[in-house]
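First comes the structure, then the notes that go with it.
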Amino acid sequence: MDDTLYGTRDKRGDWTPNKRPKPLPVFVWPVQLRALLRSLLAYHLSPIRAFFILATLIVWIYLTPSVETMREFSPGWILLILLRNAALALLFYGSFHVVLYIQRRQQTQFKYNSKWPDTNNTTFLFGSQNAENVFWVMCSGVPVWTAYEVLTLWMFANGYVQSVDFRQHPAYLVALLLLFWPVWVGLHFYATHRLIHMGPLYHIIHKVHHNNVNPGPWSGLSMHTFEHIIYFSVVLIFFIVPAHPLLVEFGLVAFALGPALGHLGFDRIVTGDKKSMSTENYFHYLHHKYFEVNYGNSDRLIPFDYWFGTAHDGSLEADEAMYKRMKAKKCARG
Ligand SMILES: [Zn+2]
Ligand SMILES: [Zn+2]
2 MDDTLYGTRD KRGDWTPNKR PKPLPVFVWP VQLRALLRSL LAYHLSPIRA
52 FFILATLIVW IYLTPSVETM REFSPGWILL ILLRNAALAL LFYGSFHVVL
102 YIQRRQQTQF KYNSKWPDTN NTTFLFGSQN AENVFWVMCS GVPVWTAYEV
152 LTLWMFANGY VQSVDFRQHP AYLVALLLLF WPVWVGLHFY ATHRLIHMGP
202 LYHIIHKVHH NNVNPGPWSG LSMHTFEHII YFSVVLIFFI VPAHPLLVEF
252 GLVAFALGPA LGHLGFDRIV TGDKKSMSTE NYFHYLHHKY FEVNYGNSDR
302 LIPFDYWFGT AHDGSLEADE AMYKRMKAKK CARG
């Protein structure tokens, strides 16, 4: 498969896609109805969203204890949830890692950074990027994810949080999932992400994640425990906004597994001789490359970066705008 059909490779061997990241045409005036609907449909019907919905249903039906059991904290059911989350993370992150980074089935085709993760670098725990990444995902990410899940399920089981019945209010719950959730997620992620880029907060909370200048799937959820606590707090909104516990489960599954794709490092996965599928994650890759740009979600449904002037599409013009902004920031600081 020829990756120069989709992008260009520079002297260092780094690959840049021809198609630059753009915001979805949601907030444009006059409204481009067809483009808007097409984007929203593509967003909501994307294979990965369908996968997360399916995974949530399987988890909910087969791998979640009964409401009666969850009324009281007990090690048995909490351990069950911890183990199933660990298995989900291992399977999901591990599959992409094995195919792309261990078997290297497509070598560096469609890979943004031509280098492979560091294996002898003292910046990382155990001297290895992959080992550090797996450590933070499995020893901090999975337990924090589980803690949020256990707490919310216990709250719902005891009626401390209002649960909305699907049969009585289907339209409300669908609207919550299709309209409210993406907006809330976009806002929560952008706001908290900008916050943890500030001064000491960056060094205490966010630096671990940014050790990964050349990210791979496991880098996605490789964060300090404080960052995991902030990151997964997105589901606490359902303590205020009435919903069904399934929505919390969906939010947690998507937030726990989604970062694998946002940090894949490959723009496309080769599936056949002349076939490949898009796994575009260039927008967030640029965040790891330049730090001070693209704080928002990779889906760019709510284009906060474009509104606040922090977007970078990988072009020379965007480079210039970024350096100008950094210079102005420095001058303002004195
Ligand atoms: Zn990242
Ligand atoms: Zn960051």
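Per our numbering, the sequence shown runs over residues 2 to 335.
Where is the CB? At the ideal position from N, CA and C, for every residue including glycine.
From a predicted model like this one, the values you see are computed outputs, not experimental measurements.
Under 7 Å between C-beta atoms of Leu1 and Ser40: As shown, the chain starts at 2 and ends at 335. That puts residue 1 outside it, with no answer to give.
Beta-carbon contacts of Ser129 that lie in its chain and below 8 Å, excluding the five residues immediately before and after: Closer than 8 Å at the Cβ level, and outside the excluded window around Ser129, lie Pro118, Asp119, Thr120, Asn121, Asn122.
Any heavy atom of ligand 2 within less than 6 Å of residue CB: hits in chain order: Having a Cβ closer than 6 Å to some heavy atom of ligand 2 are His194, His198, His207, His211, His288.
Reference Lys112; option with closest CA among Cys332, Val271, Phe292: If we check each option's Cα against that of Lys112, Val271 comes out closest.
Exposed unless 16 or more other CB atoms sit within 10 angstroms - verdict on His98: Under this definition His98 is a buried residue.
Which of helix, strand or coil DSSP assigns to Ala333: For Ala333, the secondary structure class from DSSP, reduced to helix, strand or coil, is helix.
Beta carbon of Leu222 nearer than 7 Å to that of Gly297: A distance of 7 Å or more separates the beta carbons of Leu222 and Gly297.
Alpha helix (DSSP H) runs wholly inside the stretch 59-106, at least 4 long, in chain order: 76-98, all fully within the stretch 59-106.
Three-state secondary structure (DSSP) of Val271: Shown here, Val271 sits in a strand according to DSSP, grouped into three states.
Close beta carbons around Arg85, own chain, < 6 Å, minus the five adjacent residues each side: A distance below 6 Å between beta-carbons, with the five flanking residues on each side excluded, links Arg85 to the following residues of its chain, in chain order: Leu64.
Own chain residues within Cβ distance below 8 Å of Pro144, not counting five before or after: Taken in chain order, the residues that qualify are Leu83.
Through-space distance from Val165 to Ala244, alpha-carbon basis: C-alpha separation (whole angstroms): 5 Å.
Contact check, Ile230 vs Trp185, beta carbons under 7 Å: For Ile230 and Trp185, no; Cβs fall outside 7 Å.
Reference Val60, options Tyr324, Leu262, Thr147, Val135, closest by Cα: Closest option to Val60, Cα to Cα, is Thr147.
Own chain partners of Val138 with C-beta closer than 7 Å, once the 5 adjacent residues on each side are dropped: Correct list, in chain order: Ala90, Tyr94, Trp219, Leu222, Ser223.
Residue of Asn282, Phe292, Arg301, Gly266 minimising C-alpha distance to Arg105: The shortest C-alpha separation from Arg105 is found at Gly266.
contact_flag[the stretch 241-258, the stretch 35-54] where n(CB pairs < 8 Å) is 3 or more: In short, these stretches touch, since the Cβ pair count reaches three.
Cβ-heavy atom distance, Val254 to ligand 4, below 6 Å: This structure does not include ligand 4; its bound ligands are ligand 1 and ligand 2.
Meets three-Cβ-pair contact criterion under 8 Å: the stretch 204-218 and the stretch 281-301: With the rule of 3 Cβ pairs closer than 8 Å, the stretch 204-218 counts as touching the stretch 281-301.
Pick from Phe167, Leu262, Val175 that is closest to Ser96, judged by C-alpha positions: Comparing Cα positions, the closest option is Leu262.
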